[in-house]
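Chains R and D, in that order, are what the protein sequence lines are. Here the first sequence is numbered in my numbering, starting from 4 and rising by one per residue. Here the second sequence is numbered in my numbering, starting from 10 and rising by one per residue. Built from N, CA and C at the ideal position, the CB exists for glycine as well. Working notes for the structure below.
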Amino acid sequence: MNNYSKIGQIILNIVFILVCVTYIFPILLTISISISSENSIREFGYKLIPHVIDFTAYKQIFENPQTILNSYTVTIIFTVLTVFISLIVMSMGAYPLSRKNCAFKKYFSFYLFFTMLFSGGLVPSYIINTKYLHLDNSIWIYILPCIVSAWNMIIIRTFFQGLPEGLVEAAKIDGASELKILFRIVIPLSVPVLATIAFMTMIAKWNDWNTALIYIREPKLYSLQYLLQRILREAEFLQKAALDGTGLYTADEIPTESLRYAMAVLASGPAMLIFPLFQKYLTQGLVVGAIKG
Amino acid sequence: MLKNKNNTIKGSKISDNIQYLFLALPSIILTFIFCYLPLYGIIIAFKNFNPNLGVWGSEWVGFDNFKFFFTSNDALRVTRNTILYNGAFIILNPIMAVILALMFFSLKKRLAVKIYNTIVLLPKFMSMVLVSYIVYAFLNPASGFLNQLLGNLGFPTNLDWYSMPKAWPIILTVVQIWLTVGMNSILYYAALMGIDVALFEAAYIEGAGKICVIKNICLPHLYGIVCITTILAVGNIFGGDFGLFYQVPRNVGGLYSTTDIIPTYVFRGLQDGNMSISTAVGLFQSFVGMILVVLTNAIVRKISPENSLF
């Protein structure tokens with residue numbers, strides 16, 4: 004649309020700035036609570052600009068950082084492993100789907116597609132994962148069920164199909180195996196779509212709290228976001244952790260409001276700063292995903 | 010050459026297909042374990058599940074679990090909440106997202122688009138736990154920002170939002186739109202960017218106004234994507250975002266009358282050990298969802314084949 008009126012643009016920008024305020028304000032408020040002193044919160048409530056700036060909450064966390072560091076480690080490990088393994092497994096699966104001469108393509112597509120239509124639901128999965136596979140209280144429960152996503156695999160397949168056929172044919176005539184063709188030719192040419200899938204998987208795994216909610220009872224294996232949830236919900240949890248000697252605090256220091264929010268900032272802040280830098284991959288992925296498979 | 014011919018299934022080489030099968034094997038196995046094996050567990054919906062007896066050993070009870078759920082007070086509440094919330098989201102989400110996308114599209118400066126884009130996308134990077142912290146910062150009865158704001162406007166200032174079920178349909182709808190509108194609008198914005206510029210030029214030369222252009226060029230182009238996202242959303246009408254409904258109301262029992270949806274109900278069943286009833290409800294959700302996707306898709310295919318999902 005190429006006829007822009009000046010007044011129109013000004014109004015539009017004002018509306019956009021108002022919209023953006025609704026996104027920025029809550030984040031600033033969260034940060035501000037984390038650096039407010041406890042007394043000023045009690046007296047004046049949560050304020051955008053703290054009455055008394057106070058970094059006690061952060062000091063307390065940094066004095067005894069095992070719990071949060073431990074959850075960071077767990078989360079980084081399962082996020083990296085999930086992203087890495089799922090990219091390899093899904094590329095391997097998507098490749099035959101993209102090939103015209105694959106005899107079982109139709110059946111395989113339906114096999115995957117059906118999982119998007121119908122699922123056993125939470126409880127049957129829970130029973131299988133705990134009773135038969137014994138994955139509860141193991142880091143693998145964060146990883147294994149999330150490796151294959153039918154939707155993502157269809158996106159990758161669609162991209163593979165768009166690559167020039169001749170490249171694969173030429174490699175084949177030279178006697179390359181399918182595995183070699185996939186890893187030497189197809190994957191290097193598919194970096195854009197794979198980066199997108201990797202990024203989307205990474206966000207999902209990094210923010211994973213429900214796996215821990217359902218399957219993890221062992222505090223050492225809490226994911227970062229689940230730890231955060233427990234801190235918001237349960238003061239007792241921290242007291243107990245303090246008594247066990249695994250927690251942040253001694254038993255008489257119940258976490259305070261600013262402390263909870265400081266944890267929220269420390270647990271989410273770094274990712275919130277880094278993720279938007281890779282935003283273009285997200286946008287790309289959406290556009291690719293919108294092309295129907 | 011002749012030898013080669015014998016080595017083929019429908020024109021493709023057996024050796025190739027063995028390699029393909031080898032490549033596909035990891036995803037076939039993982040999908041089988043985590044998507045198809047649980048289907049076996051569905052039979053406990055028709056049994057009285059006893060963990061000691063296992064899935065197969067438990068006693069058969071036919072449709073008793075379904076009867077129990079559908080005759081309970083929970084059924085009405087949970088089903089009503091689920092359908093009403095999802096119905097509201099299905100209608101509001103595309104409207105809000107299309108409006109935002111049109112606004113992006115009308116901006117002259119690409120840099121401005123980029124900045125605003127990044128900002129409205131921020132919730133995409135937040136975990137639902139963080140969102141619940143943020144909502145709590147507003148709704149905390151003692152020090153929350155919303156009560157302060159209402160106080161400044163002269164309203165009562167000690168509203169305890171976490172014990173006011175009536176407020177939650179609005180709160181959750183606002184939060185849901187706040188969370189998703191950015192992401193959704195980018196999808197529509199990308200579609201708008203794909204429109205041939207010549208169309209707009211021609212329209213303006215003909216003297217078309219902005220509204221006319223939006224109505225006759227932009228909206229028709231978005232129709233296909235709206236259809237696809239709606240099919241998917243309708244299929245999920247008995248589902249819902251577990252995180253939103255579990256984390257944001259903080260699982261407060263007093264709010265269940267307006268915040269409990271099927272996924273949260275199923276989860277609580279699992280927590281309380283009511284495995285069979287929970288499975289029955291989950292199965293009901295999954296089954297109706299599947300029928301709805303197929304149905305909506307069939308309807309869309311009938312009206313405009315190119316916009317159907319499959």
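Name the chain D residues that come within less than 8 Å of Gly96 of chain R, Cβ to Cβ?
Simply Leu32, Ala33, Pro35, Ser36 and Ile37.
Any idea what DSSP makes of Ile52 of chain R, helix, strand or coil?
Correct three-state label for Ile52 of chain R: coil.
Determine the chain R residues that contact Arg259 of chain D at a beta-carbon separation under 9 Å, and present them in chain order.
The contacting residues are Leu235 and Arg236.
Does DSSP put Lys219 of chain D in a helix, a strand or coil?
Note: Lys219 of chain D maps to helix in three-state DSSP.
Taking only three categories from DSSP, how would you classify Lys118 of chain D?
Coil.
With three or more C-beta pairs closer than 8 Å as the rule, is the region 173-185 of chain R touching the region 104-124 of chain R?
No, they do not touch.
Look up Asn57 of chain D in the DSSP assignment and give the residues it is bridged to.
DSSP, once it has assigned bridges, lists D:Glu68 as partnering Asn57 of chain D.
In angstroms, rounded to a whole number, what distance separates the CA positions of Thr267 of chain D and Ile184 of chain R?
Taking the straight line from one Cα to the other gives about 55 Å.
Anything in chain R within Cβ reach of Phe154 of chain D, meaning under 7 Å, just list it in chain order.
Simply Leu32 and Tyr49.
Can you list, in chain order, the residues of its chain with a C-beta nearer than 6 Å to that of Gly296 of chain R? Leave out the 5 residues immediately preceding and following it.
Because Gly296 of chain R sits at a pLDDT of 40, beneath the cut-off of 50, its placement in the model cannot be relied upon, and the following sentence gives the value as read from the coordinates. These residues qualify, in order along the chain: Ile157 and Thr161.
Can you give me the start and stop residues for the alpha helix (DSSP H) that Pro99 of chain R sits inside?
Run containing Pro99 of chain R: Gln69 to Ser101, per the alpha helix (DSSP H) assignment.
Following the continuous alpha helix (DSSP H) through Phe319 of chain D, name the residue where it begins and the one where it ends.
Element bounds for Phe319 of chain D: n/a, residue is neither H nor E.
Using the three-state DSSP reduction, which class does Ser194 of chain D fall into: helix, strand or coil?
Here Ser194 of chain D sits in helix by DSSP.
Once DSSP output is grouped into helix, strand and coil, what is the label at Ser226 of chain R?
Looking at Ser226 of chain R - three-state DSSP - the assignment turns out to be coil, as it is neither helix nor strand.
Kindly list, in the order they appear in chain D, the residues whose Cβ is closer than 9 Å to that of Trp212 of chain R.
What Trp212 of chain R touches in chain D: Ser136, Met137, Val138, Gly252 and Gln256.
Are Tyr232 of chain D and Asn102 of chain D touching if we call contact CB-CB under 8 Å?
No, Cβ-Cβ distance for Tyr232 of chain D and Asn102 of chain D is not below 8 Å.
Let me know the secondary structure DSSP gives Ser136 of chain D once reduced to three states.
Residue state, collapsed to three classes: coil.
Of all the residues that make up the region 64-79 of chain D, which are near chain R by a beta-carbon distance shorter than 7 Å?
Residues Val64.
Determine, using beta carbons only, whether Pro279 of chain R comes closer than 8 Å to chain D.
Taking Cβ atoms only, chain D reaches closer than 8 Å to Pro279 of chain R, which makes this a yes.
Could you confirm whether any beta carbon from chain R is found closer than 8 Å to the beta carbon of Phe276 of chain D?
Closer than 8 Å: yes.
Which residues in chain R sit within 8 Å of Ala121 of chain D, going by Cβ to Cβ distance?
Under the 8 Å cutoff, chain R gives Asn16 and Phe19.
The alpha helix (DSSP H) spanning Ile300 of chain D covers which residue range?
Segment Met284 to Ile312, the alpha helix (DSSP H) holding Ile300 of chain D.
Output, in sequence order along the chain, the residues in the region 125-153 of chain R whose CB is closer than 9 Å to any CB in chain D.
Correct list: Leu125, Val126, Pro127, Ser128, Tyr129, Ile130, Ile131, Asn132, Lys134, Tyr135, Leu136, Leu147, Pro148, Cys149, Ile150, Val151 and Ala153.
In its own chain, which residues sit with a C-beta less than 6 Å from the C-beta of Ser40 of chain R, not counting the 5 before and 5 after it?
For Ser40 of chain R, where only same-chain residues beyond five positions count, the Cβ hits under 6 Å are Val55 and Asp57.
Could you spell out the range, first to last residue, of the alpha helix (DSSP H) harbouring Phe65 of chain R?
Start and end: Thr59 to Glu66.
Nearest-angstrom Cα distance between Cys236 of chain D and Pro68 of chain R?
Roughly 49 Å separates the two Cα atoms.
Which value, in whole angstroms, describes the spacing of the CA atoms of Ile277 of chain R and Arg187 of chain R?
The alpha-carbon atoms of Ile277 of chain R and Arg187 of chain R are separated by roughly 30 Å.
If I measure Cβ to Cβ from Ser67 of chain D and keep anything under 7 Å in the same chain, skipping five residues before and after, which residues do I get?
Ile53, Lys56, Asn57, Phe58 and Asn59, listed in sequence order.
Between Leu130 of chain D and chain R, is the shortest Cβ-Cβ distance under 8 Å, so that the two count as touching?
Yes, its Cβ sits closer than 8 Å to a Cβ of chain R.
Can you tell me whether DSSP reads Ser112 of chain R as helix, strand or coil?
DSSP places Ser112 of chain R in helix when its eight states are reduced to three.
Beta-carbon separation of Leu116 of chain D and Val107 of chain D under 8 Å?
No, they are not a contact pair.
Look at the Cβ atom of Tyr29 of chain D, then the Cβ atom of Cys105 of chain R, and state whether they are nearer than 8 Å.
It is a contact, given that the beta carbons lie within the stated cut-off.
Take the Cβ of Asp250 of chain D as the centre, count every other Cβ of all protein chains shown within 10 Å, and call the residue buried at 16 or more, exposed below.
It counts as buried.
What are the partner residues of Ser39 of chain R, as DSSP defines its beta bridges?
DSSP output for Ser39 of chain R lists R:Ile56 as bridge partner(s).
Would you decide whether Val261 of chain D is buried or exposed? Buried here means 16 or more other CB atoms lie within 10 Å of its CB.
Exposed, since its Cβ has fewer than 16 Cβ neighbours within 10 Å.
Please return the same chain residues whose Cβ sits closer than 8 Å to the Cβ of Arg220 of chain R, not counting the five positions on each side in sequence.
The residues are Asp139 and Asn140.
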